[in-house]
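Below is one structure, written out as structure tokens, with a few remarks after it.
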Amino acid sequence: MKTIVHTDQAPAAIGPYSQAVSFKDLVFTSGQFALDPETTA
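Here the sequence shown stands for residues 212 to 252, where the numbers follow the working numbering.
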């Protein structure tokens, strides 16, 4: 069974995407580039 992973500690996905999906022993994450949490730049 797959599990959709969501956290408020990461930027929200733009569009109908999940931040990550886990399935058995695997975790598939969406692409994300580095951000400075203070400036979000």
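Ideal placement from N, C-alpha and C gives every residue a C-beta, glycine not left out. As the structure is a prediction and not an experimental result, all values here were calculated from the model.
Would a C-beta distance cut-off of 8 Å place residue i and residue j closer than the cut-off?
i    : j    : result
P222 : L246 : yes
V232 : I215 : yes
K213 : F244 : no
According to DSSP, is residue i part of a helix, a strand, or is it coil?
i    : result
F239 : strand
T214 : strand
Take residue i as the anchor and find which of the options has the nearest alpha-carbon.
i    : options                   : result
Q220 : K213, T214, M212 and Q230 : Q230
Tell me the DSSP bridge mates of residue i?
i    : result
S233 : T214 and V238
Could you name the residues of the same chain whose beta carbon sits closer than 6 Å to that of residue i, not counting the 5 residues immediately before and after it, in chain order?
i    : result
T240 : A231
Sorted by chain position, which residues of the same chain lie with C-beta nearer than 8 Å to residue i's C-beta, five sequence neighbours on each side aside?
i    : result
A224 : Q230 and S241
T251 : P222
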